[in-house]
Structure formats: C-alpha cells, structure tokens
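Residue numbers (this note's numbering): 1 to 435. Comments concern the structure below.
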Ligand code: ADP
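Take a look at the structure:
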C-alpha cells in the first residue's frame with residue numbers, strides 16, 4: 001500500500017525522566033519521525049533506547065520535554081483519540097470477563113448501551129474470540145489473552161494501533177499466527193485500522209510487518225537509520241527476498257549494538273555487563289566449534305538460543321576480558337580466548353583473575369577493599385557504583401562483580417553480614433590505579 005497523508009509526527013522531540021535520586025535520564029534526544037496513513041512502521045534497537053517512550057508520546061500518554069508531537073498537523077493535546085495501544089503484558093483485569101475487559105476502552109470514552117455492546121461484539125469477532133465473551137482471563141491461553149488485548153484496542157475503532165512488543169510474551173507459533181492476523185486486519189479496509197506503529201525486539205517481526213523500519217541508537221535515544229522494506233504483502237517468511245531484508249537489518253543493528261571494537265584492556269571505568277561466567281565460557285566454547293573461531297553476533301544468538309540483546313551483552317563481557325574481538329559485525333575468538341579454553345579449570349581461574357585485576361572496574365573495587373583492610377559493607381560498594389554508573393542498577397552490577405570475583409577467587413561475599421571481602425589470592429594493590 002502507498003503511504004497516504006501525514007498522520008503522526010514527532011518534531012525534534014527530547015524526553016527526560018527524573019529518577020528518585022535526582023538524576024535526570026535523557027531517554028530521547030532530538031528525535032524527528034513521521035508516520036503516514038497506510039504505513040506500518042517498526043521501531044527497533046537495543047533495550048533502553050527510548051522506543052516505548054516515543055510510542056507513549058505518540059499515544060499522548062506523556063508530553064515531551066522539548067519539541068512537539070502532532071496528529072494530522074496539529075499539536076496533540078491529551079490522549080490520541082485516533083489511536084489505541086496494545087502492550088506486551090496483556091494488562092487484563094482478572095475479575096472482568098473477556099467482554100468486560102474489551103469494553104474498558106469504550107467505557108473510558110463514554111460509549112454506552114447498545115453502541116458499546118455492538119463495538120465489543122465486533123472487536124471480539126475480529127480477533128476470533130466468539131464464544132469466549134463470558135470467560136475470565138485465567139481460563140485463557142497466552143495467545144487468547146493477547147487477542148483480548150487486541151480486541152480492547154480494536155473496540156474503540158482506532159485508525160492507528162500503537163503496539164509495544166505485542167507478541168513478545170507469546171510462544172513462537174502463536175506469535176506468528178497473531179502477527180499474520182494483525183497484517184490482515186490492517187489490510188482489510190473495513191476494520192478502520194489503517195496505520196500500525198510497532199515496537200519490536202525481533203528482526204524477523206519487523207521485516208514481516210513493517211514497510212519502514214526505524215533503527216534507534218542509545219545514550220541518549222536517537223534515530224540512527226531508517227530502512228524501507230518494499231516487500232509486497234502478505235510476506236513470505238523464509239523466502240530469499242525476506243531473508244535478504246533480515247540480513248540487511250541485522251547488519252544495521254549489529255553496527256548499533258557493537259559500534260566499535262573496544263581496546264583490549266579498557267582503561268576507562270566502564271560497567272561489566274550482567275553476564276554469567278558460564279555464558280561467557282559457553283560463547284567461547286561455541287566459537288571454538290565454528291570455522292576460524294568466529295561468527296556473526298546474530299548467528300551466534302540463534303545457535304545458542306538467546307536474543308541478540310543478551311548475545312551482545314555476553315560478547316561485550318568476553319570482549320572486556322580480551323577473549324573475543326568484534327571487528328565489523330563479526331565476533332572473533334582471540335588467541336587469549338583460545339588459550340583460556342585450552343586450560344584446565346584452575347588455570348582458567350588464574351588467567352581470569354589476572355585479567356580482572358587489570359579491569360578498571362574490578363581494579364577499583366579491589367583498591368577500595370585494600371584500603372579498607374580487605375573488607376567493606378555492601379552498602380559502601382553499592383554507593384560507589386551508583387555514583388559512577390547512575391544509569392545502571394547498582395544491585396545488578398554488584399551481583400556481577402561478586403559472581404566473577406568469586407569465580408576468579410578474587411572476592412568473597414557474605415550475604416548475611418552484607419560484606420564484600422578480598423580473598424587471600426590478592427596480594428597488595430590491583431594492577432591498575434583506582435578511579
Ligand atoms: P526501550 O523501549 O527502547 O527499551 P524505554 O523507552 O522504555 O526504552 O526507556 C528509555 C530510557 O528511559 C531507559 O533508560 C528507561 O530506563 C528510561 N525511562 C523510561 N520511562 C521512564 C520513567 N517513567 N521514569 C524514569 N525513567 C524512565
């Protein structure tokens with residue numbers, strides 16, 4: 001379908017959030033994006049790059065700190081009447097029946113009586129839930145619950161559906177099925193839904209649904225690139241043309257996720273990703289089994305059955321340890337990585353310990369512990385981490401430090417006493433200066 005007139009527009013939108021500790025997060029900076037009638041636009045990019053924030057601004061659920069959001073050329077005031085949201089978590093009220101859940105949006109808009117009953121019946125019919133009107137959410141499968149979520153959105157006869165990872169909580173088969181039905185709804189003029197904006201984590205989903213795919217980058221959230229997807233509808237997954245688009249999007253996303261090869265030993269104080277030791281060694285093990293010890297991050301994610309955000313975190317962790325490099329879009333096992341994998345467990349722990357002592361973050365924690373005669377309260381360490389990494393949950397970073405520190409027999413943690421300690425293995429100061 002050819003895009004029609006301009007429907008929604010974000011103009012130089014910046015959005016900030018103030019955290020309880022007073023810190024201000026810039027979730028979006030200077031984002032401009034237009035959505036036209038008849039379009040399906042997918043928003044993709046790493047977690048936390050502001051996709052949901054933009055969707056909520058389009059829905060009129062929040063106002064931007066700077067810039068403006070327009071609907072058909074006019075500044076959006078209040079909630080977008082022409083739109084309806086579908087969320088990943090089904091957001092159903094357990095004590096309401098299917099019909100009552102579907103009616104919620106109508107009630108909020110003051111639609112009552114016969115008009116409400118008709119709209120509910122029509123929406124329930126559109127998503128194929130006839131016969132389940134009086135069922136309660138707990139009696140429904142995940143796929144059916146999400147159908148109720150869609151029916152609730154469709155009941156208000158929106159022209160735009162704004163969807164935030166709408167298939168993210170469903171098993172793959174159910175997701176595939178519902179995804180096709182959403183495309184059918186959009187193509188069927190009689191439903192009134194003519195435009196879709198969807199936030200998704202799945203490259204395949206973006207390529208299946210969207211005519212235009214907008215790739216976001218983070219820190220702060222911004223539009224990095226737009227990809228037009230000219231494949232005709234309905235789309236055939238696993239066709240060569242489809243795979244070609246998937247590859248193109250993968251390449252763009254990989255460049256977003258792994259922007260540049262990090263230096264072998266980072267000197268800046270950088271956080272260590274929330275990655276388990278077994279995930280990092282699992283990655284190395286898998287790379288060893290591949291030709292030349294390398295692979296595209298997306299292939300690796302697929303082979304190991306994890307999503308690409310997760311895979312890229314594992315890759316970043318392994319990279320910080322010098323076990324892999326990431327030239328271009330490829331993850332390459334290094335010589336050090338090969339050596340580490342050839343070692344027995346105890347030698348591998350020694351090598352990891354030596355490496356962690358050179359890592360600025362672990363080095364800082366060790367230096368603080370040395371100054372405190374080998375032991376500190378968790379709270380002190382957490383406070384330090386919060387100061388250096390205000391955007392990262394300090395608890396989670398702390399747990400990662402404890403896990404890796406314990407593995408390398410560098411640190412010990414007494415959860416009951418709430419204290420972090422150096423083990424005997426650390427003699428004197430770390431190999432890098434603190435701070
Ligand atoms: P995405 O959808 O791309 O994962 P989000 O739009 O959810 O990203 O979040 C962007 C950034 O803004 C994140 O750092 C997130 O923690 C922050 N953020 C989002 N909503 C709020 C909020 N209500 N209060 C504080 N921070 C928020």
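Using N, Cα and C, we set each Cβ at its ideal position, and we do this for glycine too. All of these numbers come straight from a predicted model, not from anything done at the bench.
With 16 other Cβ atoms within 10 Å as the buried cut-off, status of residue i
i           : result
residue 15  : buried
residue 177 : exposed
residue 138 : exposed
residue 95  : exposed
residue 226 : exposed
residue 416 : exposed
residue 373 : exposed
residue 413 : buried
residue 39  : buried
residue 145 : buried
residue 364 : buried
residue 17  : exposed
residue 239 : exposed
residue 387 : exposed
residue 115 : exposed
residue 72  : exposed
residue 24  : exposed
residue 2   : exposed
residue 376 : buried
residue 194 : buried
Three-way DSSP call (helix, strand, coil) for residue i in this model
i           : result
residue 67  : strand
residue 142 : helix
residue 225 : strand
residue 295 : strand
residue 165 : coil
residue 377 : strand
residue 90  : coil
residue 369 : helix
residue 35  : strand
residue 320 : helix
residue 111 : coil
residue 127 : coil
residue 30  : strand
residue 83  : strand
residue 326 : coil
residue 220 : coil
residue 230 : coil
residue 270 : coil
residue 74  : strand
Own chain residues within Cβ distance below 6 Å of residue i, not counting five before or after
i           : result
residue 408 : 349, 352, 353, 356
residue 321 : 355
residue 11  : 32, 67, 68
residue 436 : Not covered by the structure: residue 436. The range shown for the chain is 1 to 435.
residue 175 : 167
residue 228 : 212
Any chain D beta carbon closer than 8 Å to residue i
i          : result
residue 37 : Although the question refers to chain D, the structure presented lacks it and comprises just one protein chain.
Residue i, enclosing beta strand (DSSP E) - first and last residue
i           : result
residue 392 : Run containing residue 392: none; DSSP gives neither H nor E here.
residue 213 : 212 to 217
residue 9   : 6 to 18
residue 422 : 419 to 422
residue 333 : 330 to 333
Contacts around residue i, its chain only, beta-carbon distance under 7 Å, and the 5 residues preceding and following it disregarded
i           : result
residue 236 : 242
residue 56  : 62
residue 231 : 241, 242, 245
residue 208 : 179, 235, 237
residue 152 : 101, 102, 104, 105
Neighbourhood of residue i by C-beta, 8 Å cutoff - its chain only, sequence neighbours within 5 removed
i           : result
residue 52  : 164, 199
residue 79  : 59, 60, 61
residue 192 : 157, 158, 159
residue 296 : 250, 254, 329, 330, 331
residue 134 : 97, 98, 99
residue 309 : 46, 47, 201, 257
residue 300 : 283, 286, 287, 311, 315, 331
Host alpha helix (DSSP H) of residue i (start-end)
i           : result
residue 40  : Where residue 40 is concerned, there is no enclosing alpha helix (DSSP H), although the beta strand (DSSP E) it sits in stretches over 40 to 44.
residue 411 : That residue, residue 411, is in no alpha helix (DSSP H); its beta strand (DSSP E) goes 411 to 414.
residue 98  : 98 to 108
residue 198 : Where residue 198 is concerned, there is no enclosing alpha helix (DSSP H), although the beta strand (DSSP E) it sits in stretches over 195 to 199.
residue 22  : Careful: residue 22 lies outside any alpha helix (DSSP H) and carries neither H nor E.
residue 186 : 172 to 187
residue 56  : 51 to 58
residue 278 : 277 to 288
residue 351 : 345 to 358
residue 208 : 203 to 209
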